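Shown next, in structure tokens, is the structure this report addresses.
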Amino acid sequence: MIVADGIGVLRGGRAILDGVSLRAEAGRVLAVLGPNGAGKSTLLRVLAGEMAPEAGRVVLAGVAAGSWRGVALARMRAVLPQAASLAFPLAAAEVAALGRIPHAGTAEMRRDGEAVADALSRAGVSHLARRNYATLSGGEQARVQLARVLAQADGPEARALFLDEPTASLDLPHQHAVLAEARTQAARGLAVIAVLHDINLAFRYADDALLLAGGRTVACGRVEEVLTEAALARAYGMLVRVTENPARPGERIALAA
Amino acid sequence: MAARSAGLIAPVLPRAAALASLAGLVALVSVWAIATGPIRIPPMEVLRALFGAADADATMVVWTLRAPRVVMALLVGGALGLAGALMQGLFRNPLADPGLLGISAGAAFGAVIVIVLGTALLPAGLRPHGPGLAAFAAALAVCLVSQRLATVEGRTLIATMLLAGVAMNALAGAGTSAFIFASNDLQLRDIMFWTMGSLAGATWPKIGVLLVSLLPLFLAAPLLARGLNALILGEREAGSLGIPLEGLKLATVVVVALGVGASVAVSGTIGFIGLVAPHLVRMAGGADHRWVLPASALLGGGLLAPADALARTVLAPAELPIGLVTALLGAPFFLALLIRSRAATG
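Heads up: the protein sequence lines correspond to chains X and B, in order.
At position 92 of the first sequence the residue is numbered 95 (the working numbering), and the sequence of numbers has no breaks.
At position 231 of the second sequence the residue is numbered 235 (the working numbering), and the sequence of numbers has no breaks.
Right, here's the structure in full:
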């Protein structure tokens, strides 16, 4: 479980985040939404213990974020950042295998090969394993990075998964496949926090949502309570219609009005 | 074939087997280098001499003249190759090498200062080693200054360190030029040794000291491989994989400074090995540092030993500076590689 209380981050005298609080429970998917520059990625970094906030505190699995030792933290949570390029050519399988670094020297290390193969298959990139990462398309690279993160989270100490725009640059089926995998990881008992831009993916796959704008919380709670027409209008400054999804009765859908 | 273009040997040979083959190749080249010289000794005779079963003349030439030079070439080349691989990994840049941070130029400058100003300030016992000690100290000083300049609030900014290195390089180069301007003919010959490199001074006692000075570099490398692998992804990703980044940066820079300082102290500055060896190694077997680091050390030695054999035979009895040979062979070779890889990627 991840608890954040009154998070504030300043950058160059400007508040990037101001008084943001949330709880991410084990077994649930929490979507973080908001317009560009709302502070979503910064919040993810703070929650993942990668960055210390100027104000407030974060508790990860019962321990203050600042008290985690690097390797233990890396076994407890995995982070998928937005796309990045490699300094040197590696095969896709080698990239995924880097996720096993935190498990080096533990009993888990025996499972390295198995964990990497499983992660590649979950991310749908087993067939790309031997390919040079640099020659893959943007979407394929993103899925290889997801495989790396799944390989990292494959261990008994794993408690949380942080995904920063995991669906960016993916085609429609792969967007759904990646978030279905996020649900599978939640079902395993992890707390999953994902930054999303697509409100409808949040309706489909998230249990809870945090809506940010200008570094402040617009709404936070269960997805249907957060992503309302009023809250979305306040966050995005744009009229959004929320109605029942004709393709999936009982599920909501948001349409730009 | 797609995997080959990424330079992945892994499917062909396991890492240990690939390293063993490379080591075998380096051993063969070393025997050839010992066999090569004004008096040619057949390779089999070299082997007999090494195991003490040859006649006295051959044994003398092999053990006191040729073997020390070849062993020194293996150590210096190994240190430069490994240091280059570490720098490239740390800076996430295939163009980084020990020369880039100003370590080599700084070390040469240190030696040149002592050559021109004299060793009067040193205790008598250390005077013959004055330039070497100064080279070693200057290499460390350059590294520490760059590191301090680039460290803000406990975090070392890699790009800033690179820029600081460029400035240190220019500064050391200018300093060396100024001292060359002020030197006499005798000093000038000495200075040439440091700026163009030579393994002519190889003796077993020197090799002993060199080996001890290189231990931190060779022993630390296996411990740094995992962190440098994570760094291929980026600094943030490496951090989130639990790599202690600041420790990794400091340890890498310090062992490189020690290793390059010790190498320059015994052989002057020798270019291109640190740049080319890791490149070739990555092309042949991929970018995993558990392969790149040991293989660059092996290949660095395996390139420098035959280069030195050429340096001492091409114009025999005169000797070419080894730095000249590595640059003359290395630069066109490197350009050819670039053109080939450009053609491959279209």
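Built from N, CA and C at the ideal position, the CB exists for glycine as well.
In this text, all values refer to a predicted model and were calculated from it rather than measured experimentally.
Applying the 10 Å Cβ sphere with the 16-neighbour rule, what's the burial state of residue i?
i, result
"HIS283 of chain B", "buried"
"VAL270 of chain B", "buried"
"ARG44 of chain B", "exposed"
"PRO46 of chain B", "exposed"
"HIS130 of chain X", "exposed"
"ALA20 of chain B", "exposed"
"ALA10 of chain B", "Low per-residue confidence applies at ALA10 of chain B: pLDDT is 42, beneath 50, and the placement is therefore not dependable enough to give any value."
"ASP189 of chain B", "exposed"
"GLU57 of chain X", "exposed"
"GLU143 of chain X", "buried"
"PRO209 of chain B", "exposed"
"VAL221 of chain X", "buried"
"PRO176 of chain X", "exposed"
"THR68 of chain B", "exposed"
"MET76 of chain B", "buried"
"ALA168 of chain B", "buried"
"GLY82 of chain B", "buried"
"GLU228 of chain X", "exposed"
"PRO252 of chain X", "exposed"
Quick one: what's residue i bridged to in DSSP?
i, result
"VAL245 of chain X", "X:ALA257"
"PHE165 of chain X", "X:VAL82 and X:ILE196"
"LEU13 of chain X", "X:ALA18"
"ARG159 of chain B", "B:VAL156"
"GLY305 of chain B", "GLY305 of chain B pairs with nothing; no bridge assigned."
"ARG60 of chain X", "X:ASP8"
"VAL257 of chain B", "Per DSSP, none; premise fails for VAL257 of chain B."
"ARG26 of chain X", "X:VAL6"
"ALA94 of chain X", "X:ASN135"
"GLY224 of chain X", "X:ALA212"
"ALA21 of chain B", "Note: ALA21 of chain B sits in no beta bridge, so no partner."
Just checking my contact of residue i with residue j at CB under 8 Å: how many whole Å lie between their CB atoms?
i, j, result
"VAL245 of chain X", "ALA259 of chain X", "Wrong, their Cβ atoms sit about 11 Å apart, outside the cutoff."
"ARG146 of chain X", "GLY102 of chain X", "That belief does not hold up - the Cβ atoms of ARG146 of chain X and GLY102 of chain X are roughly 13 Å apart, past 8 Å."
"SER44 of chain X", "ASP201 of chain X", "Not really, about 16 Å apart at Cβ, beyond 8 Å."
"GLU239 of chain B", "LEU249 of chain B", "6 Å"
"ALA205 of chain X", "LEU199 of chain X", "5 Å"
"ALA7 of chain X", "LEU50 of chain X", "6 Å"
"GLY278 of chain B", "GLY85 of chain B", "6 Å"
"LEU90 of chain B", "ALA225 of chain B", "7 Å"
"LEU63 of chain X", "ARG80 of chain X", "7 Å"
Please list the partners that residue i has in chain B, where partner means a Cβ-to-Cβ separation under 7 Å.
i, result
"GLY188 of chain X", "Per the sequence presented here, residue 188 of chain X reads as Gln, with Gly not at that position. What GLN188 of chain X touches in chain B: nothing, since even the nearest Cβ is about 17 Å away."
"VAL82 of chain X", "SER244"
"ILE202 of chain X", "Within chain B, no residue comes near ILE202 of chain X; the closest Cβ sits about 27 Å away, beyond 7 Å."
"ALA77 of chain X", "SER244, LEU245 and GLY246"
Kindly list, in the order they appear in chain B, the residues whose Cβ is closer than 8 Å to that of residue i.
i, result
"GLY73 of chain X", "GLY243, GLY246, ILE247 and PRO248"
"GLN155 of chain X", "LEU245"
"PRO105 of chain X", "LEU245 and GLY246"
Check the Cβ of residue i against every Cβ in chain B and list those closer than 9 Å, keeping chain order.
i, result
"PRO1 of chain X", "Here chain X comprises residues numbered 4 to 260, so residue 1 of chain X is not present and cannot be evaluated."
"ALA51 of chain X", "SER244"
Out of the options, state which residue places its alpha-carbon closest to the alpha-carbon of residue i.
i, options, result
"THR138 of chain X", "X:VAL61, X:LEU89 and X:PRO159", "X:LEU89"
"ALA100 of chain X", "X:GLY16, X:GLN85, X:LEU76 and X:ARG133", "X:ARG133"
"ARG14 of chain X", "X:LEU63, X:GLN188 and X:GLY40", "X:GLY40"
"GLY11 of chain X", "X:LEU47, X:ARG31, X:GLY37 and X:LEU33", "X:LEU47"
"ARG70 of chain B", "B:ILE277, B:GLY177, B:ALA225 and B:ALA206", "B:ALA206"
"ILE184 of chain B", "B:LEU121, B:LEU203 and B:PRO226", "B:LEU121"
"VAL213 of chain B", "B:GLY136, B:ARG230, B:GLY251 and B:PRO321", "B:GLY136"
"ILE119 of chain B", "B:ALA83, B:SER108 and B:HIS133", "B:HIS133"
"ARG230 of chain B", "B:VAL75, B:ASP61 and B:LEU94", "B:LEU94"
"GLY88 of chain B", "B:LEU303, B:PRO336, B:PRO321 and B:ARG316", "B:LEU303"
"ALA176 of chain B", "B:LEU262, B:ALA331 and B:LEU105", "B:LEU105"
"GLY110 of chain B", "B:ALA178, B:GLY158 and B:VAL50", "B:ALA178"
"VAL33 of chain B", "B:ALA182, B:ALA311, B:LEU342 and B:PRO336", "B:ALA311"
"VAL318 of chain B", "B:PRO18, B:ILE38 and B:PRO42", "B:PRO42"
"THR199 of chain B", "B:PHE338, B:GLY327, B:LEU148 and B:PHE140", "B:GLY327"
"LEU161 of chain B", "B:ASP61, B:LEU254 and B:ALA261", "B:LEU254"
"ALA29 of chain X", "X:ALA161, X:GLY73, X:PRO105 and X:ALA122", "X:ALA161"
"PRO159 of chain X", "X:LEU149, X:ALA27, X:LEU173 and X:GLU111", "X:GLU111"
"GLY141 of chain X", "X:ALA95, X:ILE256, X:GLY218 and X:ALA120", "X:ALA95"
"THR170 of chain X", "X:ILE256, X:ASP121 and X:GLU184", "X:GLU184"
"PRO298 of chain B", "B:GLY243, B:LEU221, B:VAL146 and B:ASP194", "B:LEU221"
If the cut is a Cβ gap below 8 Å, which residues of chain X does residue i touch?
i, result
"GLY169 of chain B", "Those within 8 Å of GLY169 of chain B in chain X number zero; the least Cβ separation is about 18 Å."
"ALA234 of chain B", "LEU101 and ILE104"
Could you tell me which chain X residues have their CB closer than 7 Å to the CB of residue i, listed as they occur along the chain?
i, result
"ARG2 of chain B", "Residue 2 of chain B is absent from the model: chain B starts at 5 and stops at 350."
"GLY238 of chain B", "ALA87"
Residue i touches chain X at which residues, Cβ-Cβ below 9 Å?
i, result
"ALA291 of chain B", "LEU89, ALA90, PHE91, PRO92, LEU93 and GLU97"
"PRO98 of chain B", "ALA90 and PHE91"
"ARG286 of chain B", "PHE91 and PRO92"
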